[in-house]
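**Student:** Can you read through this structure? Questions will come right after.
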């Protein structure tokens, strides 16, 4: 038997999601071994989102069965209003499985995806969304310069070669310093990185007075939700090792894969290392996410229902 009516029936408006969903995939199964410093890295990554995004967004975090201490931290961030959507997976569903969930359920028109070890520079989001809204047929764009195998960007190359307003250049165009800055963060030796760098040309696409490198990274990128959903489902029978499936799908669908010539994001790795100066407990809150304000609004919300609907049948 029901007593009274659900007060939500008398609410005429619910908060709408932001146009942009920033989505972070987290996997920290332990705080030892390889993952000893991963929680510190995650905190730095999240703080850089909070402080440097600059545009309205909702934050979605998919946690892929992390350790209890990590989940507790994420729940606290959610409770304090810094994470709008928090998914705690009981089991590790792999990166592909997490992508299937994120891309299928994120509410924003645009999805800015990142692994949990990415640092976001001030103003990082605006150049990425500007690329999506300026360059036709862009499938995904990464916020840093990369040297990528051409086989995953054949649609980008074909588009650039036939578009009258686009210019495509090939050669040793990506400076070694830019390449090594990222390759070194992945645990590569400088000798190994130099071999790959010497054997591969980079491609630059110029369009609307902006220059991009051809290719994108699956560790961080921005895309339209409708484009990513066309690439689903991503294979998910292994924890990792199938991430190229997304690159292949976006390319096969005929979309462009680009990365910016400027550093808007960067990879931290599993330790802070030389990036310890990035650690900060200071957070930039918007007024409406400030905890005292949230508590006051919550109290007013509950009292309003009590006064208006407590005795309503």
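Residue numbers (the numbering used here): 22 to 334.
Glycine is no exception: its CB is placed at the ideal position from the N, C-alpha and C atoms.
None of the values given here were measured: they were computed from a predicted structure.
1. Pick from 233, 130, 74: whose alpha carbon is nearest that of residue 248?
2. From the DSSP output, read off the bridge partner residues of residue 110.
3. What distance in whole Å lies between the Cβ atoms of residue 100 and residue 92, which are believed to be in contact at a cut-off of 8 Å?
4. What residues match up with residue 243 in a beta bridge as DSSP calls it?
5. Closest by CA to residue 289, which one among 279, 214, 269, 204?
6. Kindly indicate which three-state DSSP category residue 266 falls into: helix, strand or coil?
7. Among the candidates 231, 109, 64, 267, whose CA atom is the shortest distance from the CA of residue 137?
8. Round the Cβ separation of residue 145 and residue 73 to the nearest angstrom and send it over; I've been treating them as touching at under 8 Å.
9. By DSSP, does residue 215 sit in helix, in strand, or in coil?
10. Looking at the structure shown, is residue 231 part of a helix, part of a strand, or coil, going by DSSP?
11. In the structure shown, what three-state DSSP assignment does residue 140 receive?
12. With 16 as the cutoff for other CB atoms within 10 Å, does residue 116 come out buried or exposed?
13. Can you tell me which residues form a DSSP beta bridge with residue 43?
14. Please report the distance separating the alpha-carbon of residue 274 from that of residue 244.
15. According to the neighbour-count rule (16 or more other Cβ atoms, all chains shown, within 10 Å of its Cβ), is residue 182 buried or exposed?
16. So, residue 177 versus residue 267, is the Cβ gap smaller than 8 Å?
17. Starting from the C-beta of residue 302, find all residues in its chain whose C-beta is less than 6 Å away, skip the five residues before and the five after it, and write them out in chain order.
18. Looking at the secondary structure, which residues open and close the beta strand (DSSP E) in which residue 287 lies?
19. With a cut-off of 8 Å on the beta carbons, I'd call residue 45 and residue 135 a contact; round off their distance for me.
20. Mapping the DSSP letters down to three states, classify residue 97 as helix, strand or coil.
21. Considering only C-alpha positions, which residue in the set 67, 201, 228 is nearest to residue 139?
22. Quick check: what's the CA-CA separation for residue 169 versus residue 206?
23. DSSP state of residue 92, grouped into three classes?
24. Under 8 Å between C-beta atoms, does residue 188 make it to chain C?
25. With hydrogens ignored, establish whether the beta-carbon of residue 190 is closer than 7 Å to any heavy atom of the ligand ATP.
26. Looking at residue 132: is its Cβ nearer than 8 Å to the Cβ of residue 42?
27. Is the distance from the Cβ of residue 293 to the Cβ of residue 58 below 8 Å?
28. Between which two residues does the alpha helix (DSSP H) holding residue 72 run?
29. Does the distance from the C-beta atom of residue 237 to that of residue 163 stay below 8 Å?
30. Between which two residues does the beta strand (DSSP E) harbouring residue 192 extend?
**Tutor:** In this structure, then:
1. Of the residues 233, 130, 74, the one whose Cα lies closest to the Cα of residue 248 is 130.
2. Answer is 85.
3. Not quite, the Cβ-Cβ distance comes to about 12 Å (not below 8 Å), so this is no contact.
4. In the DSSP assignment, residue 243 is bridged to 133, 162.
5. Comparing alpha-carbon positions, the option among 279, 214, 269, 204 lying closest to residue 289 turns out to be 204.
6. Judged by DSSP in its simplified three-state form, residue 266 adopts helix.
7. When each option's Cα is compared against that of residue 137, the closest is 64.
8. About 6 Å separates the two Cβ atoms, so the contact holds.
9. Helix, per DSSP.
10. Residue 231: strand per DSSP, three-state reduction.
11. Strand at residue 140.
12. Burial call: buried.
13. According to DSSP, which records beta bridges pairwise, residue 43 is partnered with 80, 133.
14. Looking at the two C-alpha atoms, the distance is approximately 14 Å.
15. In the assembly as shown, residue 182 is an exposed residue. Its beta-carbon has fewer than 16 other beta-carbons within 10 Å.
16. Their beta carbons are not under 8 Å apart, which means residue 177 does not touch residue 267 by this criterion.
17. Here the model assigns residue 302 a pLDDT of 42, short of 50, so the residue's position is not dependable, and the following value carries that caveat. Closer than 6 Å at the Cβ level, and outside the excluded window around residue 302, lies no residue.
18. Note, residue 287: beta strand (DSSP E), 286-288.
19. Sure, about 6 Å apart at Cβ, within 8 Å.
20. Taken through DSSP and simplified to helix, strand or coil, residue 97 comes out as helix.
21. Nearest C-alpha to residue 139 among 67, 201, 228: 67.
22. Rounded to the nearest angstrom, the two C-alpha atoms are 16 Å apart.
23. Helix, per DSSP.
24. The structure shown contains no chain C; it is built from a single protein chain.
25. The model depicted lacks the ligand ATP and carries no ligand whatsoever.
26. Contact: yes.
27. Against a cut-off of 8 Å, the Cβ pair of residue 58 and residue 293 comes out as a contact.
28. According to the DSSP assignment, residue 72 belongs to the alpha helix (DSSP H) that extends over 59-73.
29. Yes; because the gap between Cβ atoms is below 8 Å, this pair is in contact.
30. From DSSP, the beta strand (DSSP E) with residue 192 extends over 188-192.
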